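**Q** This is the structure I want to talk about, given as structure tokens.
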Amino acid sequence: MGNRSCPPPPAPTAAFLLPLSTTALPFPRRLLYRSQVPIRGLEVWAALEDMTWGPDNVRKWSALALLAIIGTALTAATDPGFVAMISQKGLDFACQQGVVELQKELQTISVPDFSGVFKIKHLGKGSYEFYSMAVDGFHIPNPEIEMLPSDGLRLFIKDASIKINGKWMSRKNFLKAGGNFELSIQGVSISTDLILGSDSSGHITTICSNCDSHIDSVHIKISGSVLGWLIRLFHRKIETSLKNIIYKKICKIVRNSVSSKLQPYLKTLSVISRVDDVTSVDYSLVDSLTTTNQFLEGQLKGEFFWRGHRGPLPIHPPVMRFVPNSAYMVCMGISDYFFNTAVFAYQQSGTLKVTLGSQLLLNDGRFQLNTDFLRTFLPQVARKFPSMGVQLLISAPEPEHLSIQPTGLSFNPRLETQAFVVLPNASLVPLFVLSMKTNASLEVDAEENRLVGEMKFGNRWLLELKESKFGPFKVEYLEDVINYLVPTLVLPKINERLRRGFPLPLPAGIQFSDFTFYPYQNFLLLEADLHLI
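For the sequence shown, the residue numbers in the numbering used here are 1 to 533.
Right under this line is the structure:
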């Protein structure tokens with residue numbers, strides 16, 4: 001593909017929510033998933049940390065970091081759980097922003113003083129000196145960037161210009177003259193290759209493998225003395241000397257900027273993204289970066305794991321096939337493996353549970369969670385433990401598989417509720433165990449650089465008695481209680497966690513400005529533009 005100049009990033013646009021029934025259509029901004037089967041959704045996103053709850057000016061080089069964020073630790077090749085693709089439009093955005101920072105570095109070029117001698121017929125020899133020179137401007141009008149066939153990028157700058165101001169002085173015998181000068185350098189071009197890779201620690205690396213520069217013309221303007229004509233007599237020699245000095249400096253500045261500015265910033269990009277006190281996400285590469293004529297692609301592991309212990313998982317990523325949209329800066333394929341490993345991680349950590357006790361309902365006159373309430377269907381409990389508190393432990397006994405379809409996200413929950421009598425000494429007496437199931441929906445959104453969501457339960461939770469220490473009873477007596485407690489006390493905690501979100505593989509200082517979700521078989525497709533913060 002040919003070079004393309006870098007346009008300004010588009011302005012953000014408004015987005016709206018479409019109903020789930022609009023199957024196979026784009027879902028701008030927010031995507032509603034509604035399961036068509038009973039949903040095991042409480043454990044899916046409930047990183048409930050008892051359900052325990054835990055706490056949870058970037059340089060413009062950060063835009064260039066976007067180009068390499070997908071270049072992280074390389075592992076044995078396997079199907080990815082997450083695919084990140086950067087279009088030419090995304091490269092143009094990064095080019096535009098990164099060159100602003102590079103321009104600042106180029107304006108720091110230091111030009112050393114230099115001097116020489118001249119000889120004019122009939123006048124003899126004299127000397128000149130140029131000093132106190134400083135770059136007054138380095139203008140880069142049309143930076144361009146393109147993908148190399150293998151694993152890198154090429155930055156090309158043409159028609160740049162440099163303005164340098166300084167002072168001059170000339171001596172001839174006892175005559176001395178001096179003044180100011182202005183040096184105009186036109187037609188500056190720079191071509192440099194950035195090769196992307198990774199180091200042993202899994203952090204991405206970039207090196208400037210090749211740099212060439214060229215200067216078309218240099219013109220000097222002398223002022224400040226009637227003897228300035230002496231300097232103008234040999235201006236070509238002076239212009240050539242200054243041109244050679246600047247020529248040698250340009251690529252040195254470019255290489256230094258890559259190694260001292262870009263590379264240290266890339267080191268701050270984590271291969272492992274911390275989600276919260278319980279889990280992290282592994283965004284390491286599972287294969288080498290690949291390029292096409294329109295996209296730079298990285299296949300990432302996209303795997304959640306429990307921070308307390310990381311072990312092998314009994315599930316594998318699905319195959320994701322989609323045609324990315326070059327009208328957006330980035331396209332991200334988020335497989336059901338990404339979500340399912342989150343389920344496994346939180347399940348393994350033991351945080352998918354919440355305890356409800358009578359103290360939570362002290363100000364609620366609808367229910368009193370104590371043994372007196374059980375008198376209707378468990379009278380023997382009320383007699384044996386009169387007016388004592390009851391505690392409910394709601395948990396997800398096993399992780400469930402989530403599947404993503406063109407119609408949305410579906411999953412099959414079977415939660416358990418264990419009931420206990422709380423004795424005066426705080427010890428617990430087990431009463432019964434209920435299984436619970438319902439339908440649910442999940443709205444998925446993106447905010448800043450995080451995937452967020454909101455869960456909604458169906459109208460009713462269906463109950464089944466699994467075990468009772470005091471004989472069987474009709475679960476209908478508890479349906480009103482469960483269908484009140486779960487939406488009132490449990491669901492807000494789930495959604496609180498969902499609103500905090502889960503990190504997506506974007507570098508610091510970059511956020512989504514406009515995005516669209518599409519559901520496909522086994523994965524979501526996120527197409528987005530970006531902006532700096």
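The beta-carbon is built from N, C-alpha and C at its ideal position, and this holds for glycine as well. On a predicted model such as this, the values are computed, not experimentally measured, just so you know.
Could you tell me the distance, in whole angstroms, from the CA atom of SER403 to the CA atom of LEU266?
**A** Translated into the one-based positions of the sequence shown, residue 403 becomes position 403. Translated into the one-based positions of the sequence shown, residue 266 becomes position 266. Each residue's Cα considered, the two are about 34 Å apart.
**Q** Please determine whether the Cβ atom of LYS353 lies at a distance below 7 Å from any heavy atom of the ligand FAD.
**A** Among the components of this structure there are no ligands whatsoever, and the ligand FAD is therefore not found.
**Q** Measuring straight from C-alpha to C-alpha, what distance separates VAL354 and LYS474?
**A** Working through the sequence shown from its first residue, we reach residue 354 at position 354. Working through the sequence shown from its first residue, we reach residue 474 at position 474. About 24 Å.
**Q** Per DSSP, PRO430 forms a beta bridge with which residues?
**A** Numbered from its first residue, the sequence shown carries residue 430 at position 430. BP columns for PRO430 point to PHE420.
**Q** Quick check on DSSP: helix, strand or coil for ASN165?
**A** Walking along the sequence shown from the start, residue 165 turns up at place 165. The answer is strand: DSSP assigns ASN165 an E or B state.
**Q** For MET332, list the residues DSSP reports as bridge partners.
**A** By one-based count along the sequence shown, residue 332 stands at place 332. Answer by DSSP bridge pairing, in chain order: ALA84, LEU526.
**Q** Below 8 Å between beta carbons: does that hold for SER132 and SER115?
**A** Looking up residue 132 in the sequence shown gives position 132. Looking up residue 115 in the sequence shown gives position 115. No, they are not a contact pair.
**Q** Looking at the structure shown, is ILE145 part of a helix, part of a strand, or coil, going by DSSP?
**A** Along the sequence shown, read from residue 1 onward, the residue named residue 145 stands at position 145. Reduced to three states, the DSSP call for ILE145 is strand.
**Q** Going by other Cβ atoms of all chains shown within 10 Å of its Cβ, with 16 needed for buried, is ARG497 buried or exposed?
**A** What you label residue 497 is simply residue 497 of the sequence shown in a count that begins at 1. With 16 or more other Cβ atoms within 10 Å, it is buried.
**Q** If we count Cβ pairs, one from each stretch, closer than 8 Å, do we get three or more for the stretch 89 to 109 versus the stretch 137 to 150?
**A** These segments touch.
**Q** Is it right to say GLN380 is buried, meaning 16 or more other beta carbons lie within 10 angstroms of its own, or is it exposed?
**A** Counting from 1 along the sequence shown, the entry for residue 380 is found at position 380. Exposed.
**Q** Find the nearest neighbour of GLU447 within the set PHE377, GLY166, GLN511, judged by alpha-carbon distance.
**A** For the purposes of this step, residue 447 is identified with residue 447 of the sequence shown, where counting begins at 1. Among PHE377, GLY166, GLN511, the Cα nearest to that of GLU447 is on GLN511.
**Q** In angstroms with no decimal places, state the Cα-to-Cα distance between THR377 and LEU491.
**A** As a working mapping, residue 377 is identified with position 377 in the sequence shown. As a working mapping, residue 491 is identified with position 491 in the sequence shown. Here the sequence assigns Phe to residue 377, which means Thr is not the residue at that position. So the alpha carbons of these two residues sit roughly 27 Å apart.
**Q** From THR78, MET85, PHE82, GLY90, pick the residue whose C-alpha is nearest to that of HIS531; which is it?
**A** As a first step, residue 531 is located in the sequence shown; it is residue number 531 there, counting from the start. Answer by Cα proximity: GLY90.
**Q** ALA342 and THR279 look like a contact to me (Cβ under 8 Å); what is the Cβ gap, rounded to whole Å?
**A** Within the sequence shown, residue 342 is the residue found at index 342, counting from 1. Within the sequence shown, residue 279 is the residue found at index 279, counting from 1. Contact holds; Cβ gap of about 7 Å.
**Q** Count the other CB atoms within 10 Å of the CB of ALA160; is the residue buried (16 or more) or exposed (fewer)?
**A** Numbered from 1 along the sequence shown, position 160 holds the residue referred to as residue 160. Buried: at least 16 other Cβ atoms inside 10 Å.
**Q** On the three-state DSSP scale, how would you describe THR108?
**A** The residue labelled residue 108 in the question sits at position 108 within the sequence shown. THR108: coil per DSSP, three-state reduction.
**Q** With DSSP as the reference, label PHE517 as helix, strand or coil.
**A** Taking the first residue of the sequence shown as position 1, residue 517 is located at position 517. Strand at PHE517.
**Q** When we look at the beta-carbon of ASP541 and count the other beta-carbons within 10 Å, is it buried (16 or more) or exposed?
**A** Past the boundaries of the shown model lies residue 541; the chain is included only from 1 to 533, so the question cannot be answered.
**Q** Roughly how many whole angstroms lie between the Cα atoms of TYR520 and PRO399?
**A** Sequence index remark: in the sequence shown, residue 520 carries index 520 (1-based). Sequence index remark: in the sequence shown, residue 399 carries index 399 (1-based). Answer to the nearest angstrom: the Cα atoms are 23 Å apart.
**Q** Pick helix, strand or coil for GLU443, following the three-state DSSP scheme.
**A** On the sequence shown, position 443 is the one that residue 443 refers to. Strand, per DSSP.
**Q** Quick check on the DSSP output: the beta strand (DSSP E) that includes VAL218 runs from which residue to which?
**A** Taking the sequence shown and counting its residues from 1, one reaches residue 218 at position 218. Note, VAL218: beta strand (DSSP E), 204 to 223.
**Q** Could you tell me the boundaries of the beta strand (DSSP E) in which TYR131 lies?
**A** By one-based count along the sequence shown, residue 131 stands at place 131. 124 to 139 is the extent of the beta strand (DSSP E) around TYR131.
**Q** Below 8 Å, how does it come out for the stretch 241 to 255 and the stretch 183 to 190: are there three or more Cβ pairs, yes or no?
**A** They touch, by the three-pair rule.
**Q** Looking only at its own chain, which residues have a Cβ that is under 7 Å from the Cβ of SER270, when we skip the five neighbours before and after it?
**A** Here residue 270 refers to the residue found at position 270 of the sequence shown. Contacts found: none.
**Q** Under 6 Å Cβ to Cβ from ASN449, same chain only, skipping five residues before and after it: list those, please.
**A** Here residue 449 refers to the residue found at position 449 of the sequence shown. Result list for ASN449: LEU504, LEU506, GLN511, in chain order.
**Q** Assuming LEU194 and CYS331 form a contact by the criterion Cβ under 8 Å, report the distance between their Cβ atoms to the nearest whole angstrom.
**A** The residue labelled residue 194 in the question sits at position 194 within the sequence shown. The residue labelled residue 331 in the question sits at position 331 within the sequence shown. Not a contact, Cβ separation roughly 22 Å.
**Q** Just to check my reading of the structure: ARG460 and SER435 have Cβ atoms closer than 8 Å, yes? What is that Cβ distance to the nearest angstrom?
**A** Walking along the sequence shown from the start, residue 460 turns up at place 460. Walking along the sequence shown from the start, residue 435 turns up at place 435. Going by Cβ atoms, the distance from ARG460 to SER435 rounds to 14 Å, so no, they are not a contact pair.
**Q** Kindly indicate which three-state DSSP category SER257 falls into: helix, strand or coil?
**A** Walking along the sequence shown from the start, residue 257 turns up at place 257. If DSSP states are grouped into helix, strand and coil, SER257 belongs with the helices.
**Q** If you draw a straight line from the alpha carbon of GLU303 to that of VAL281, how long is it in whole angstroms?
**A** As a first step, residue 303 must be located in the sequence shown, where it is residue number 303. As a first step, residue 281 must be located in the sequence shown, where it is residue number 281. Cα to Cα, GLU303 sits roughly 5 Å from VAL281.
**Q** Taking the DSSP output, what are the residues bridged to ILE245?
**A** If you number the sequence shown from 1, residue 245 lands on position 245. Note: ILE245 sits in no beta bridge, so no partner.
**Q** Under the DSSP definition of a beta bridge, which residues are partnered with TRP306?
**A** Reading the sequence shown from its first residue, position 306 is the one you call residue 306. Answer is THR279, bridged to TRP306.
**Q** Looking at GLY509 and ILE482, is the spacing between their C-beta atoms short of 8 Å?
**A** Stepping through the sequence shown from its first residue, residue 482 is reached at position 482. Stepping through the sequence shown from its first residue, residue 509 is reached at position 509. Contact flag unset, no.
**Q** Applying the 10 Å Cβ sphere with the 16-neighbour rule, what's the burial state of VAL117?
**A** Against the sequence shown, residue 117 aligns to sequence position 117. Exposed.
**Q** Going by C-alpha distance, which of SER387, GLY453, PHE523, SER326 is nearest THR407?
**A** Here residue 407 refers to the residue found at position 407 when the sequence shown is read from its first residue. Taking only the C-alpha atoms, the option nearest THR407 is PHE523.
**Q** Per the DSSP calculation, VAL188 is bridged to which residue(s)?
**A** Locating residue 188 in the sequence shown gives position 188, where the first residue counts as 1. Partner(s): ALA160, ILE215.
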